[in-house]
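Heads up: the protein sequence lines correspond to chains A and B, in order.
FYI, this note's numbering numbers position 41 of the first sequence as 46, with every residue one higher than the one before it.
FYI, this note's numbering numbers position 362 of the second sequence as 583, with every residue one higher than the one before it.
Every residue gets a Cβ at the ideal spot worked out from N, C-alpha and C, and that includes glycine.
So the structure is just underneath, and the comments pick up after that.
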Amino acid sequence: MVPTSYYLILSAMIFAIGAVGVLVRRNALIILMCVEMMLNSVNLTLIALSRQWGNLNGQVFVFMIMAVAAAEVAVGLAILIANTRHRESINIDEIHLLKW
Amino acid sequence: MNIAALTANLHVILPEMVLAAFALLVILADMLRQDEEESRLLPLLTLAGILAAMAATAWIWNRPVASYQEGAIADGFALGARTVILVAAGLATLLSMGYLPRINRQMGEYYALVLLATLGMTMMASATDLIVLFLALEIFSLALYILSGYYRKNPRSTEASMKYFLLGAFASSFFVYGAALLYGAAGTTQLREIGNLLASDHGNPNLLWPGIALLLVGFGFKVSLVPFHMWTPDVYQGAPTPVTAFMSAGTKTAAFAAFVRVLMEALPAQQIQWGWALAVLAVLTMTVGNLTALRQLSLKRMLAYSSVANAGYILVALVPGTAQGSKAALFYLLTYAFMNVGALAVVITLEKIDELDALQNRAAGLADRWPLLALAMSIFMLSLSGIPPLAGFFGKFFVFQAAVEGGWTWLAVVGVLNSAISAYYYLRVMVAMYFHEAEEPVQPRRWGGLSLSLALTALATVIIGLYPSLWTGFLSGLGG
Chain A
6 MVPTSYYLIL
16 SAMIFAIGAV
26 GVLVRRNALI
36 ILMCVEMMLN
46 SVNLTLIALS
56 RQWGNLNGQV
66 FVFMIMAVAA
76 AEVAVGLAIL
86 IANTRHRESI
96 NIDEIHLLKW
Chain B
222 MNIAALTANL
232 HVILPEMVLA
242 AFALLVILAD
252 MLRQDEEESR
262 LLPLLTLAGI
272 LAAMAATAWI
282 WNRPVASYQE
292 GAIADGFALG
302 ARTVILVAAG
312 LATLLSMGYL
322 PRINRQMGEY
332 YALVLLATLG
342 MTMMASATDL
352 IVLFLALEIF
362 SLALYILSGY
372 YRKNPRSTEA
382 SMKYFLLGAF
392 ASSFFVYGAA
402 LLYGAAGTTQ
412 LREIGNLLAS
422 DHGNPNLLWP
432 GIALLLVGFG
442 FKVSLVPFHM
452 WTPDVYQGAP
462 TPVTAFMSAG
472 TKTAAFAAFV
482 RVLMEALPAQ
492 QIQWGWALAV
502 LAVLTMTVGN
512 LTALRQLSLK
522 RMLAYSSVAN
532 AGYILVALVP
542 GTAQGSKAAL
552 FYLLTYAFMN
562 VGALAVVITL
572 EKIDELDALQ
582 NRAAGLADRW
592 PLLALAMSIF
602 MLSLSGIPPL
612 AGFFGKFFVF
622 QAAVEGGWTW
632 LAVVGVLNSA
642 ISAYYYLRVM
652 VAMYFHEAEE
662 PVQPRRWGGL
672 SLSLALTALA
682 TVIIGLYPSL
692 WTGFLSGLGG
């Protein structure tokens, strides 16, 4: 059996890649994808820990995160579209009517 | 699992069920309505839902403390926080009545989203399980992302919505990763059980400490602590002002209530470590918030940075990890809900049509033309700067008292110094209202709901200040 720590290290790496992606990429869609990657790395963590502890709390949590992530994408893409109606770009550096 | 187990103590989540039912009712009513005239009924239906949820909360108050499925609890602290959130939602609905028809025709989904966001917030204030906590957080966050971009024709509003969404989703993933690692350290998602387990065997430190740190980041974003506050001024400024009012009071109350519960039920054994982390964050938050607020010209940005600074004061109460501190935090949130919503209501009256914000010079000369409005704004500004005998003074007093009695005197001193700095930018608004000449005649916008909420918030700010003991008796802290 693969030790739990392997899964935890892998998911920590995926989470870190996602977080760095959010910070360095300028395209709002890519940022959204990076956030999804972070959420999925959390899912991997939860499933590994759920097997480790032998209870189902972690797996239930994963289903909730999947549902939330789907809702988040639906809302997020709608917001991006509403925003694109005002300007032809989804580059977040060009979105600065309000000071960051 | 049988039906009896599922319905046992179902009354604990009665306010949430009422809110959900009314949210669906609002959507249905919006679909069935014949013409624009009938859409005036939607805010009244929303208010009815909020009042019904308040009645349900009051009804639960008289019953013994109970927990539904170990996921939500109805203790005094949760019920107090729920009440504050419902008050904020009610006031925001009053503010939206005359505001919405100007910015966007479709209104049904707006009020449904307000009710759903309220549901998420009250749920978060009573959650005792990490899974419920996360779900509640996302329910109100998703609703607020949409609400802050509700003025779709205005690029600032959609921009605020997008910034809020991207940073909010980013922060949520930190929060949920922290929750996952805490589950890994303790093997359960129930806060009390986590606390019991960690008190006896301390868990796996490689999972526990990163977990706590990530949770702090997630909560820090939601309550806008420095350095996770970057979204606050932009979103507060770009969102429709009633939404800003709702967001500032409601989100803060929900997130702080959950924050207190996680710290005191799941992590009491680690108080020494998180106490210091919170103390550092509190000093940073108060100082940066107040110093940045000093040089804001826009009223909404000023109130946004003031909201950051206020999050710092509330955090001071959390540092010692005492029951007294949690009660002080809740009392502060109650006073903050009234004075901040009131201040934003005045901003609404000063806004130009089609604009989402008002500069400070719009308030110039207000006292000559509209003395009552200027008086109300003075009450809110004096209360926010903590001058007795208004509500804000006692909020700060109890918070700093809790810090001193918990052995954090230096932190209370930093807080008092900060509140002296903050007086400068609050009083500047009053100076403009009373001593400056108006550059252009301002015709304040007004409607029944706006006047009503201004009167209610101003009265509450004065009454809480005159009789603070009435209110401290009805709120209760958490554990000990």
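Within the same chain, show all residues whose beta-carbon is closer than 6 angstroms to that of residue i, passing over the 5 residues directly before and after it, in chain order.
i              : result
A299 (chain B) : A346 and S347
S16 (chain A)  : S46, L49 and T50
P292 (chain B) : Sequence inspection shows Gly at residue 292 (chain B); the Pro mentioned does not correspond to that position. Closer than 6 angstroms at the Cβ level, and outside the excluded window around G292 (chain B), lie D350 and V353.
L388 (chain B) : W452
Q492 (chain B) : G542
T474 (chain B) : A302, V305, I306 and L554
F66 (chain A)  : L51
K443 (chain B) : A476
V27 (chain A)  : I36 and C39
Given a threshold of 16 other Cβ atoms within 10 Å of its Cβ, counted over all protein chains shown, does residue i qualify as buried or as exposed?
i              : result
K573 (chain B) : exposed
S421 (chain B) : exposed
A74 (chain A)  : buried
Q255 (chain B) : exposed
T228 (chain B) : exposed
T506 (chain B) : buried
V209 (chain B) : Not covered by the structure: residue 209 (chain B). The range shown for chain B is 222 to 701.
M342 (chain B) : buried
G628 (chain B) : exposed
T630 (chain B) : exposed
D98 (chain A)  : exposed
H450 (chain B) : buried
I95 (chain A)  : buried
G701 (chain B) : For G701 (chain B), the predicted model reports a pLDDT of 44, less than 50, meaning its position is unreliable; a value from the coordinates is still stated below. Exposed, because fewer than 16 other Cβ atoms sit within 10 Å of the Cβ of G701 (chain B).
R189 (chain B) : With chain B covering 222 to 701 only, the question about residue 189 (chain B) has no answer from this structure.
Q517 (chain B) : buried
K521 (chain B) : buried
S643 (chain B) : buried
P662 (chain B) : exposed
W591 (chain B) : buried
R284 (chain B) : exposed
S690 (chain B) : exposed
K374 (chain B) : exposed
Between which residues of its own chain and residue i is the CB-CB distance below 7 angstroms, once the five residues before and five after are set aside?
i              : result
A470 (chain B) : A309, Y557, A558, N561 and V562
L268 (chain B) : G311 and T314
L594 (chain B) : V567, T570, L587 and P665
G319 (chain B) : W668, G670 and L671
F552 (chain B) : G616, F619, W692, T693 and L696
S519 (chain B) : Q458, D578 and L580
Just confirm the distance between the C-beta atoms of residue i and residue j, as a whole number of angstroms; I'd bet it's less than 8 angstroms.
i              : j              : result
N91 (chain A)  : T379 (chain B) : First, the residue type needs correcting, since residue 91 (chain A) is His and not Asn in the sequence shown. That belief holds up - the Cβ atoms of H91 (chain A) and T379 (chain B) are roughly 6 angstroms apart, short of 8 angstroms.
M523 (chain B) : Y331 (chain B) : Actually they are not in contact, since the Cβ atoms of M523 (chain B) and Y331 (chain B) sit about 26 angstroms apart, beyond 8 angstroms.
A624 (chain B) : L632 (chain B) : 5 angstroms
L565 (chain B) : A490 (chain B) : About 40 angstroms; that fails the 8 angstroms criterion.
Below 7 angstroms, is the gap between the Cβ of residue i and the nearest heavy atom of the ligand PLP?
i              : result
L515 (chain B) : With respect to small molecules bound, the structure shown includes none, and the ligand PLP cannot be examined in it.
Which residues in the same chain have their Cβ closer than 8 angstroms to the Cβ of residue i, if we skip the five residues on either side of it in sequence?
i              : result
N425 (chain B) : G405 and A406
R30 (chain A)  : I36 and C39
L262 (chain B) : A250 and R254
(request) Taking a Cβ distance cut-off of 7 angstroms, strictly less, list which residues of the stretch 63 to 91 of chain A are near chain B, in chain order. (result) Here the close residues are G63, V65, F66, M69, I70, V73, A76, E77, V80, G81, I84, L85, A87, N88 and H91.
(request) Evaluate contact between the stretch 657 to 674 of chain B and the stretch 533 to 540 of chain B, counting only Cβ atoms and requiring at least three cross-stretch pairs below 8 angstroms. (result) no
(message) By the 8 angstroms beta-carbon criterion, what residues does the stretch 399 to 411 of chain B contribute toward chain A?
(response) A400, A401, L402, Y404, G405, G408, T409 and T410
(request) With 7 angstroms as the limit, tell me which residues of the stretch 17 to 33 of chain A have their beta carbon closer than that to any beta carbon of chain B; keep them in chain order. (result) F20, V27 and A33
(request) Determine contact between the stretch 404 to 411 of chain B and the stretch 52 to 66 of chain A, defined as no fewer than three beta-carbon pairs at a distance below 8 angstroms. (result) yes
(request) Take every Cβ of the stretch 599 to 606 of chain B, pair it with every Cβ of the stretch 495 to 505 of chain B, and state whether three or more of those distances are shorter than 8 angstroms. (result) no
(request) Note down, in chain order, all residues in the stretch 345 to 379 of chain B with a beta-carbon under 8 angstroms from any beta-carbon belonging to chain A. (result) Under the 8 angstroms Cβ criterion, the stretch 345 to 379 of chain B contributes L351, I352, F355, L356, E359, L363, Y366, I367, G370, R373, P376, R377 and T379.
(request) Mind checking the stretch 37 to 51 of chain A against chain B and listing, in chain order, the residues whose C-beta falls within less than 8 angstroms of any C-beta there? (result) L37, V40, M43, L44, S46, V47, T50 and L51
(message) Using a Cβ-Cβ cutoff of 7 angstroms, what residues of the stretch 300 to 330 of chain B are near chain A? List them in chain order.
(response) none
(message) Within 8 angstroms, do at least three Cβ pairs link the stretch 26 to 40 of chain A to the stretch 76 to 91 of chain A?
(response) Yes, the stretch 76 to 91 of chain A is in contact with the stretch 26 to 40 of chain A.
(request) Report yes or no: do the stretch 430 to 443 of chain B and the stretch 276 to 288 of chain B share at least 3 C-beta pairs separated by less than 8 angstroms? (result) no
(message) Closer than 8 angstroms is the cut-off here; do at least three beta carbon pairs connect the stretch 239 to 247 of chain B with the stretch 333 to 341 of chain B?
(response) yes
(message) Counting only Cβ-Cβ distances shorter than 8 angstroms, please list the residues of the stretch 611 to 628 of chain B near chain A, keeping chain order.
(response) none
(request) Can you give me, in chain order, the residues of the stretch 522 to 541 of chain B that have a beta carbon less than 9 angstroms from any beta carbon in chain A? (result) R522
(message) To be precise: take each residue of the stretch 384 to 399 of chain B, compare its Cβ to all Cβ atoms of chain A, and keep it if any distance is under 7 angstroms. Which residues remain?
(response) For the stretch 384 to 399 of chain B, the set of positions with a beta-carbon nearer than 7 angstroms to some beta-carbon of chain A reads F386, L387, A390, F391, S394, V397 and Y398 in chain order.
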